[in-house]
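Quick note: the sequence shown uses the working numbering, first residue 1131, plus one each step. Just so you know, even glycine gets a beta-carbon here, dropped at the ideal spot from N, CA and C.
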Amino acid sequence: MSLKSFPLLSSCLPSSRLNSSDKTWIDEYLLEAKQALGYPLEPSELLGDDNPAKQFDTLLYLAFQHPSCERTNVRHIRSGHSRLWFLGQYVLELALAEYFLQRYPRESPAPMRERIFGLIGKRYLPKWIKAASLHNLVFPFDEMDKLIRKDREPPVKSVFWALFGAIYLCFGLPEVYRVLFEVFGMDPDDESCQPKLRRQLEDVDYVSVEFEGKKLSWQDVAPPEDALFAQPRLFRACVPPGMHRFRGNIWDYENRPQVMQTLGYPLQMTDRIPEITEARNIELGLGLQLCFLHPSKYKFDHPRFCFERLEYVGQKIQDLVMAERLLMKHLDAPGRWLQEKHRRLLLNKFCGRYLRDKHLHRFIIYGEQVQDSYEHNRRLRNPATTAVQQAIHGLSYTVYGKPDVRRLMFEVFDFEQIQPKAV
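Structure, rendered in structure tokens:
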């Protein structure tokens, strides 16, 4: 397999060959794992070279080698497993965030975070592992239910995350949904993961037509072919149709061109007809205005006219993009170290800093009172710039897809701080 065709996948493969004791585990347990996850039982090595799933057996083996197994004294197995869970946790978060944003188009992100925690918080993972009858592979020698929590949860958590890292590398996001909802049988309507009741603001605005009256199921999440955006349904779920009333207002006229120029928008796209390009650019402009709309402005009357939902997507996608970047950059680093590095690079304090370096923080639209109190208080202002930065990533992901988030993070905002500075 060449490095060029699947750089991320090859960066997660073990750095040395598997030996006979690995093969013993594979012969003994792998079929059971594949059967539980609903994959064909023949060895994946038989697939062609251009198919990422060729490496699935190896990655699946790594996913089950959690830190309390006997094979983890071997360095390449240990770091292989930890790199997979490092990637998998962000894949899970992004997948569920996208799904819930489209399923509940009117909700603010707070209840959604609660729902997601109720599904994949670490105290709930053992029951999913048991539901898919994988618990004998995680604890071959112990009865899982009899273990105390601190012996039971960490191995289950790292296996669960690593499993989704492996599935994502070989089969992509749609497969992640299938495994979550079919194999593990997660039910978003389940009592256990409902958010606690809160005072909801009255939402008078429309949601996009495709969300009216029906809740999306996980099969509907895949973006339709040949659409205006990379993630059209996600865009519609985050940018309310009522945003069109802001077209041609002062911000749109004075500030949007400057923001677009700084971010290098609109990107060159080749469409069949120019109207498509024009429509996309109009929507992109509205999305950008939404990115800069601080909740203090309209949220009280119109709960969705603020950057919250975009910010939520943006947090998740920037986590995943940064994780992929680090995996490809540090080929032999263990997951723990990568996690630390990842936190440091994306720490809230710094995300907003790159937005300020580009002088985009002047364009944020605050409510009057907040504007006055933020005027001389950087402590209050910084979280807002961070949020706007994340919202911009979210918008670029829904409109142009992941490559553009990479461009923004590493070329425009220079998250890794490796570009030469003007003195």
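Nearest-angstrom Cα distance between residue i and residue j?
i, j, result
"Tyr1336", "His1506", "37 Å"
"Ser1198", "Pro1285", "7 Å"
"Phe1480", "Phe1435", "26 Å"
"Pro1433", "Asn1149", "57 Å"
"Ser1132", "Ala1552", "Per-residue confidence for Ser1132 stands at a pLDDT of 48, beneath the threshold of 50, marking its modelled position as unreliable; no derived number is given."
"Asn1411", "Met1390", "10 Å"
"Ala1352", "Phe1271", "40 Å"
"Pro1396", "Leu1414", "8 Å"
"Gln1445", "Gly1372", "24 Å"
"Asp1157", "Phe1269", "17 Å"
"Thr1400", "Ala1360", "14 Å"
"Ala1554", "Gly1302", "The chain is shown from 1131 up to 1553; residue 1554 falls before or after that span and cannot be answered."
"Phe1247", "Arg1366", "24 Å"
"Leu1139", "Gln1324", "35 Å"
"Lys1459", "Val1221", "18 Å"
"Ala1225", "Gln1547", "29 Å"
"Leu1538", "Met1274", "45 Å"
"Lys1207", "Asp1180", "Reading the sequence as shown, one finds Ile at residue 1207 and not Lys. Using only the alpha carbons, I get a separation of about 25 Å."
"Lys1344", "Leu1456", "39 Å"
"Thr1378", "Leu1423", "Residue 1378 is actually Gly in this sequence, not Thr. Straight-line Cα distance between these residues: approximately 15 Å."
"Ser1338", "Ala1514", "27 Å"
"Asp1281", "Pro1256", "11 Å"
"His1374", "Leu1420", "11 Å"
"Arg1466", "Glu1384", "46 Å"
"Asp1502", "Asp1317", "45 Å"
"Phe1311", "Lys1471", "32 Å"
"Leu1331", "Pro1370", "16 Å"
"Asp1320", "Glu1283", "22 Å"
"Ala1453", "Leu1468", "8 Å"
"Lys1164", "Pro1182", "16 Å"
Give the single residue among the options whose Cα lies nearest to the Cα of residue i.
i, options, result
"Pro1533", "Ala1517, Lys1551, Gln1499 and Val1451", "Val1451"
"Ser1212", "Phe1136, Tyr1191, Gly1482 and Met1399", "Tyr1191"
"Ile1495", "Trp1381, Leu1457 and Tyr1530", "Trp1381"
"Val1529", "Leu1358, His1472, Lys1446 and Leu1143", "Leu1358"
"Ser1209", "Leu1226, Glu1244 and Ser1141", "Ser1141"
"Glu1438", "Gly1417, Ala1453, Leu1456 and Leu1303", "Gly1417"
"Glu1498", "Pro1425, Leu1525 and Gly1524", "Pro1425"
"Pro1107", "Lys1471, Ile1447, Leu1299 and Val1443", "An answer regarding residue 1107 cannot be provided, because it is not within the stretch 1131 to 1553 covered by the chain."
"Arg1492", "Leu1475, Leu1477, Arg1474 and Asn1512", "Asn1512"
"Arg1245", "Lys1257, Trp1258 and Leu1231", "Leu1231"
"Arg1473", "Phe1545, Ser1146 and Gly1524", "Phe1545"
"Ile1278", "Arg1253, Phe1290 and Val1204", "Arg1253"
"Val1306", "Trp1348, Val1500 and Gly1251", "Trp1348"
"Pro1144", "Asp1317, Val1204, Asp1431 and Arg1537", "Val1204"
"Phe1543", "Arg1486, Asp1180, Arg1509 and Arg1455", "Arg1486"
"Leu1327", "Val1369, Ala1240 and Ile1297", "Ala1240"
"Arg1201", "Thr1188, Leu1189, Arg1236 and Trp1155", "Trp1155"
"Val1289", "Trp1215, Ser1322 and Lys1260", "Trp1215"
"Val1518", "Phe1540, Gly1178, Lys1488 and Leu1461", "Lys1488"
"Gly1218", "Gln1398, Lys1164, Lys1153 and Trp1291", "Trp1291"
"Trp1315", "Tyr1159, Leu1346, Tyr1484 and Ile1250", "For the sequence presented, residue 1315 should be read as Gly rather than Trp. Ranking Tyr1159, Leu1346, Tyr1484 and Ile1250 by Cα distance to Gly1315 puts Ile1250 first."
"Gly1524", "Leu1490, Gln1549, Glu1405 and Cys1368", "Cys1368"
"Trp1258", "Val1313, Tyr1234, Glu1228 and Thr1407", "Val1313"
For the alpha helix (DSSP H) that residue i lies in, which residues bound it at each end?
i, result
"His1472", "Gly1465 to Leu1476"
"Phe1271", "Looking at the DSSP string, Phe1271 is not in any alpha helix (DSSP H), and its letter there is neither H nor E."
"Gln1499", "Glu1498 to Tyr1504"
"Asp1187", "Phe1186 to Phe1194"
"Gly1178", "Gly1178 -> no alpha helix (DSSP H), and no H or E assigned at all."
"Met1373", "Unbroken run through Met1373: none, as it is neither H nor E."
Here's the rule I'm using: 16 or more other beta-carbon atoms within 10 Å means buried, otherwise exposed. How should residue i be labelled?
i, result
"His1265", "buried"
"Glu1441", "buried"
"Lys1287", "buried"
"Tyr1169", "buried"
"Met1242", "buried"
"Ala1409", "exposed"
"Ala1521", "buried"
"Phe1186", "buried"
"Phe1430", "exposed"
"Ser1526", "buried"
"Glu1237", "buried"
"Leu1189", "buried"
"Leu1364", "buried"
"Gly1482", "buried"
"Pro1404", "exposed"
"Pro1387", "exposed"
Shorter than 8 Å from the beta carbon of residue i to some beta carbon of chain B?
i, result
"Gln1469", "Among the protein chains of the structure shown there is no chain B, as only one such chain exists."
(request) Entirely within the stretch 1521-1552 and at least 4 residues each: give me those alpha helix (DSSP H) ranges in chain order. (result) 1532-1536
(request) Scan the stretch 1280-1351 and note each continuous alpha helix (DSSP H) run of 4 residues or more that stays entirely inside, going in chain order. (result) 1303-1308
(message) So within the stretch 1385-1447, which uninterrupted alpha helix (DSSP H) runs reach at least 4 residues, ignoring any that extend past its ends?
(response) 1386-1393, 1404-1421 and 1425-1428
(message) Report the start-end ranges of each beta strand (DSSP E) in the stretch 1206-1283 that is 3 residues or longer and not cut off at the edges.
(response) Runs of the beta strand (DSSP E) inside the stretch 1206-1283: none found.
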